[in-house]
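Trainee: Let me begin by handing over the structure; questions about it come next.
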Amino acid sequence: MEPPSPRSPFPKKRLGQHFLKDPNTARIVAEGVTAGDVVLEIGPGRGALTSILAERAGTVHAVELDRDVLPLLKEALGGRENVRVYEADALAFDYASLAPRPNKMAANLPYNVASPLVLRLLEEAPYLRVLRFMVQLEVARRMAARPRTKDYGAYAVLVQTLAEARVAHKVSPQVFDPPPNVWSAVVAMERRSTGVAKPGEYAGVKELVVSAFRSRRKRLVNNLPEAARGGAPKALASIGHGPDARAEELAPEDFVALYRELSWAIR
Numbered sequence: 200m201e202p203p204s205p206r207s208p209f210p211k212k213r214l215g216q217h218f219l220k221d222p223n224t225a226r227i228v229a230e231g232v233t234a235g236d237v238v239l240e241i242g243p244g245r246g247a248l249t250s251i252l253a254e255r256a257g258t259v260h261a262v263e264l265d266r267d268v269l270p271l272l273k274e275a276l277g278g279r280e281n282v283r284v285y286e287a288d289a290l291a292f293d294y295a296s297l298a299p300r301p302n303k304m305a306a307n308l309p310y311n312v313a314s315p316l317v318l319r320l321l322e323e324a325p326y327l328r329v330l331r332f333m334v335q336l337e338v339a340r341r342m343a344a345r346p347r348t349k350d351y352g353a354y355a356v357l358v359q360t361l362a363e364a365r366v367a368h369k370v371s372p373q374v375f376d377p378p379p380n381v382w383s384a385v386v387a388m389e390r391r392s393t394g395v396a397k398p399g400e401y402a403g404v405k406e407l408v409v410s411a412f413r414s415r416r417k418r419l420v421n422n423l424p425e426a427a428r429g430g431a432p433k434a435l436a437s438i439g440h441g442p443d444a445r446a447e448e449l450a451p452e453d454f455v456a457l458y459r460e461l462s463w464a465i466r
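Under this note's numbering, the residues of the sequence shown are numbered 200 to 466, in order.
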């Protein structure tokens with residue numbers, strides 16, 4: 200087999216790359232983007248989504264780790280001047296440095312960074328009001344899961360404490376190069392206007408949530424820090440749950456309310 204041309208790089212498995220090739224799917228991801236928007240794109244790859252975002256948005260900030268795809272990205276953009284490309288690791292990138300500041304994110308996220316990256320953006324980039332992106336269907340379901348379902352866990356609670364999340368569209372493997380072995384999905388998120396947690400509460404809520412889901416088989420009370428266990432049954436009762444409640448029974452707003460009852464013992 201001949202080595203790949205520099206202008207036609209193979210997708211890199213270590214980077215979780217599955218390049219989008221279907222323009223109809225790209226348009227679904229770009230839905231809602233208008234000329235007044237500044238859009239952040241993670242992992243533009245060969246530019247299938249970027250070119251559509253460039254047509255619709257005022258400015259596009261595209262963060263790409265793989266320098267081998269940059270010539271193809273440049274070619275797809277056809278000289279458009281409203282796209283700024285940053286060769287960088289999305290997990291380490293300083294998003295606060297972007298100017299103008301993005302208000303939306305749209306992306307076909309690399310599989311291997313999607314979960315931590317989305318939570319980081321929700322936690323650290325409050326100016327991103329809308330996030331619309333593709334991930335593996337399994338990951339999408341974990342982000343949007345509701346209480347008392349198998350996909351509901353600490354990750355869903357933390358995401359939904361900061362944003363409304365839903366699975367907007369299932370995506371066939373055939374729209375990617377190479378096709379992944381699983382289906383994907385478009386996730387639509389809108390940041391809560393003030394958040395379920397008040398400013399200054401999120402760090403404590405996060406600590407509580409991580410503790411509560413430490414062992415799904417145990418009662419929530421038994422997963423809490425020792426200092427909080429004594430007051431936990433009364434605190435649970437105050438939000439409508441019994442002392443034997445498990446973490447997966449509580450909605451995100453329940454965790455915020457529980458934190459407010461137990462904050463003296465959590466932090």
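Yeah, the Cβ is synthetic: ideal placement off N, Cα and C, and Gly gets one too.
Output needed for residue 450: all residues of its chain with C-beta closer than 7 Å, excluding positions within five of it in sequence on either side, in chain order.
Mentor: Taken in chain order, the residues that qualify are 346.
Trainee: With respect to the beta strand (DSSP E) encompassing residue 238, which residues constitute its N-terminal and C-terminal limits?
Mentor: That run of the beta strand (DSSP E) goes 237-241.
Trainee: Report the residue ranges of all alpha helix (DSSP H) runs contained in full by the region 277-354; include only those spanning at least 4 residues, in chain order.
Mentor: Within the region 277-354, the complete alpha helix (DSSP H) runs of at least 4 residues are 313-323 and 336-343.
Trainee: Which full runs of the beta strand (DSSP E) of 3+ residues lie inside the region 380-433, going along the chain?
Mentor: Within the region 380-433, the complete beta strand (DSSP E) runs of at least 3 residues are 383-390.
Trainee: Quick one: is residue 313 buried, meaning 16 or more other Cβ sit within 10 Å of its Cβ, or exposed?
Mentor: Its Cβ being crowded by 16 or more others within 10 Å, residue 313 is buried.
Trainee: Suppose you measure from the CA of residue 430 to the CA of residue 322; what does that come to, to the nearest Å?
Mentor: Approximately 29 Å between the Cα atoms of the pair.
Trainee: In chain order, what residues of the same chain lie with their CB nearer than 6 Å to the CB of residue 213, ignoring the 5 residues before and after it?
Mentor: Any reading at residue 213 needs caution, since the residue's pLDDT is 49, under 50, leaving its predicted position unreliable; the model's value is listed next. Contacts found: none.
Trainee: Going by DSSP, name the residue or residues bridged to residue 376.
Mentor: Residue 376 is bridged to 218.
Trainee: Name the residue from 369, 341 and 287 whose alpha carbon lies nearest to the alpha carbon of residue 228.
Mentor: Of the candidates 369, 341 and 287, the one whose C-alpha sits nearest the C-alpha of residue 228 is 369.
Trainee: Looking at the secondary structure, which residues open and close the alpha helix (DSSP H) in which residue 255 lies?
Mentor: That run of the alpha helix (DSSP H) goes 247-255.
Trainee: Answer with buried or exposed for residue 397, where buried requires no fewer than 16 other C-beta atoms within 10 angstroms of its C-beta.
Mentor: With fewer than 16 other Cβ atoms within 10 Å, it is exposed.
Trainee: Can at least three beta-carbon pairs, one atom from the region 334-349 and one from the region 361-375, be found at a separation below 8 Å?
Mentor: Segments in contact, yes.
Trainee: Please name the residue, chosen from 330, 373, 387 and 407, that lies closest to residue 357 on a Cα-to-Cα basis.
Mentor: Ranking the options by Cα distance to residue 357, first place goes to 407.
Trainee: Take residue 391 as the anchor and find which of 219, 324, 276 and 239 has the nearest alpha-carbon.
Mentor: Closest by alpha carbon: 324.
Trainee: Check residue 464 in the structure and name its three-state DSSP category.
Mentor: DSSP places residue 464 in helix when its eight states are reduced to three.
Trainee: Residue 436: which of 464, 454 and 297 sits nearest, CA to CA?
Mentor: Of 464, 454 and 297, the residue nearest in Cα terms is 454.
Trainee: Would you please state the rounded distance, in angstroms, between the beta carbons of residue 237 and residue 302? I believe it to be under 8 Å.
Mentor: Rounded, the Cβ-Cβ distance is 6 Å, consistent with contact.
Trainee: Whole angstroms are fine: how far does the CA of residue 294 sit from the CA of residue 258?
Mentor: Residue 258 and residue 294: Cα-Cα distance of roughly 15 Å.
Trainee: Excluding the 5 residues flanking residue 297 on each side, which residues of the same chain have their C-beta closer than 6 Å to its C-beta?
Mentor: The answer, listed in chain order, is 260.
Trainee: Three-state secondary structure (DSSP) at residue 445?
Mentor: Residue 445 falls in the coil class under three-state DSSP.
Trainee: Could you round the C-beta distance between residue 327 and residue 241 to whole angstroms and report it? I think they count as a contact, below 8 Å.
Mentor: Actually they do not touch by this definition, with Cβ atoms about 11 Å apart.
Trainee: Spatial neighbours of residue 350 within its chain, please: C-beta separation below 6 Å, excluding the five flanking residues on both sides.
Mentor: Answer for residue 350: 340, 341 and 344, listed in chain order.
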